[in-house]
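Working notes, structure below.
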Amino acid sequence: MNEHEMKLISDFALKQSGIVLNESKAYLIESRLGSIAEKHRFNSIAALARGLATASMDLQRDVIDALTTNETFFFRDKTPFNLFEEVILPTLISTRPPGSRIRIWCAATSTGQEPYSLAMLVLKHKHLLAGRSVDILATDISASALERAREGLYSQFEVQRGLPVQMLMEHFVQEGSNWRISRQVRDMVRFSELNLMTPFPQVGVQDVVYCRNVLIYFNNESKRKVLDGLAAVTKPDGYLVLGAAETMIGHTEKFMRADGQRGLYQPAPRESALRLRA
Amino acid sequence: MQSCLIVDDSSVVRKVARRILEDMDMVIDEAEDGQEAFEKCQAEMPDVILLDWNMPVMSGLEFLKRLRAYDGGQKPKVVFCTTENDVGHIAMAMKAGANEYIMKPFDREIVESKFQEVGLS
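Residue numbers (our numbering), protein chains in the order written: chain S, 1 to 278; chain A, 1 to 121.
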């Protein structure tokens, strides 16, 4: 693959998904697109790159699927889930009337571990909900990752990374050497395909948005675009949770850090006020 | 520094686990079966025990029951680490007083995750 073909692929990835692939990612492209080229009968990755401009939707989707990183695990990084239990959920319960619906959106859900972790925490604290219901929407750009998420079947390795054994016993059913999430937890989560690079008003207004470890793959322009979009769908007193390595600084002023907590944000007052008047 | 007793009749498993746990700044001791582990605990309780199930002389489960019944034996966190990977065995281990459960084969990430789960990392 020469420089021109590398650029064809990185331009395609940027336009379609916001993902930035510089020259240092050539190894990633080579290793991930080999099987896609073979599946779609190209004789090389270079040939695939040259065919991308006129590619079928199927091929385009396969390429995006292959280039996205689906690394995740249950209760990844702990802190965002501690914040959910200790700050977010108690605050929402105290500010939302009984009978209301608390809406949570996991914007880059990958293979489902994040929304299922949140669903398990909701069940852990369901005695506090007092008639409030919780709706968890989980979206991702990768159709194959979503397929796995909906399936809810995880390997022995996957259920041991971050998941306490008590929760494994309570919320999973063993199937051979794999473990399937219980119907109760699975039914709490709605999965849907969504590209953060396109406008997403269809997700509706959310009380909490988890958008972790996705902005790190974007350039500054895409980061700002996504954050502005998230600001538009987050309730004025709602929350946004970013990944530990991600920050608002220099990208948008529509969010401010909440409670001095790293990775936890709320819409900035001015932004909230403007929207309330609208 | 926290102390960990690795109990496993396989010297290979003990060696692999020792490397991982030493990287986590733990002081390591080893035992080849439940009986030897129990004697070591009587002499000095470790902070955490990484425990195999099937061992000669005394099994991991029997060791755990004795440990929890022994004066001061409630203190160590116990993380089972075994090829007994079914729900029934996990339930038995938790009922006997295990704090966490690792299903073999394991890797560094799983050990770190499980030790973090019991408050040791």
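A virtual CB, placed ideally from N, CA and C, is assigned to each residue, including glycine.
Chain-ordered chain A contacts of residue i [CB-CB under 8 Å]
i, result
"S/Arg161", "Glu109, Ile110, Ser113"
Cutoff 7 Å: residue i Cβ touching any chain S Cβ
i, result
"A/Glu30", "no"
"A/Val87", "yes"
"A/Glu100", "yes"
"A/Met103", "yes"
Identity of the residue in the options nearest residue i by Cα
i, options, result
"S/Lys225", "S/Arg212, S/Leu240, S/Met197", "S/Met197"
"A/Phe106", "S/Phe157, S/Ser117, S/Phe73", "S/Phe157"
"A/Val79", "S/Gln160, S/Ser222, S/Met120", "S/Gln160"
"A/Ser10", "A/Lys104, A/Ala43, A/Glu112", "A/Lys104"
"A/Glu32", "A/Arg19, A/Val48, A/Asp8", "A/Asp8"
"S/Arg150", "S/Phe172, S/Val189, S/Leu123", "S/Val189"
"A/Ala98", "A/Val111, A/Ala37, A/Cys81, A/Glu112", "A/Cys81"
"A/Ile102", "A/Lys95, A/Ala96, A/Phe115", "A/Phe115"
"S/Ile88", "S/Leu8, S/Met256, S/Asp237", "S/Asp237"
"S/Leu146", "S/Thr111, S/Thr247, S/Thr252, S/Thr234", "S/Thr111"
"S/Asp259", "S/Gly229, S/Ala13, S/Leu240", "S/Leu240"
"S/Gln16", "S/Met120, S/Phe218, S/Met248", "S/Phe218"
Contact with chain A by residue i, beta-carbon distance below 7 Å
i, result
"S/Gln174", "yes"
"S/Gln113", "no"
"S/Gln156", "yes"
Beta-carbon neighbours of residue i, restricted to chain S and to distances below 7 Å
i, result
"A/Glu117", "Pro164"
Cβ separation of residue i and residue j, assumed to be a contact under 8 Å, to the nearest whole Å
i, j, result
"S/Gly152", "S/Arg132", "S/Gly152 to S/Arg132, Cβ: 25 Å. No contact."
"S/Arg262", "S/Ala108", "19 Å between Cβ atoms; not a contact."
"S/Thr72", "S/Glu5", "Not confirmed; about 30 Å, so no contact."
"A/Asp29", "A/Pro46", "7 Å"
"S/Gly162", "S/Phe42", "Not confirmed; about 38 Å, so no contact."
"S/Ile141", "S/Ile64", "6 Å"
"A/Met92", "A/Leu61", "7 Å"
"S/Met169", "A/Ile90", "6 Å"
8 Å Cβ cut-off: residues of chain S touching residue i
i, result
"A/Thr90", "The amino acid occupying residue 90 of chain A in the given sequence is Ile; Thr does not appear at that position. What A/Ile90 touches in chain S: Val165, Leu168, Met169."
"A/Met94", "Val165, Gln166, Met169"
Runs of beta strand (DSSP E) lying entirely within the stretch 71–110 of chain S, each at least 3 residues, in chain order
Taking only runs of at least 3 residues, the beta strand (DSSP E) segments lying wholly in the stretch 71–110 of chain S are 101–106.
Quick one: which unbroken beta strand (DSSP E) runs of 3-plus residues sit fully inside the stretch 141–220 of chain S? Chain order, please.
153–155, 172–175, 178–181, 189–193, 206–211
As an exercise, report each continuous alpha helix (DSSP H) stretch of at least 4 residues that is fully enclosed by the stretch 13–66 of chain A, in chain order.
34–43
Going along the chain, which unbroken runs of the alpha helix (DSSP H) with 4 or more residues stay wholly within the stretch 59–117 of chain A?
For the stretch 59–117 of chain A, whole alpha helix (DSSP H) runs of length 4 or above, ordered along the chain, are 60–69, 87–96, 108–117.
Quick check for students: name the residue ranges of the beta strand (DSSP E) that lie wholly in the stretch 237–269 of chain S, counting only runs of 3 or more.
List check, beta strand (DSSP E) in window: 255–257, 264–267.
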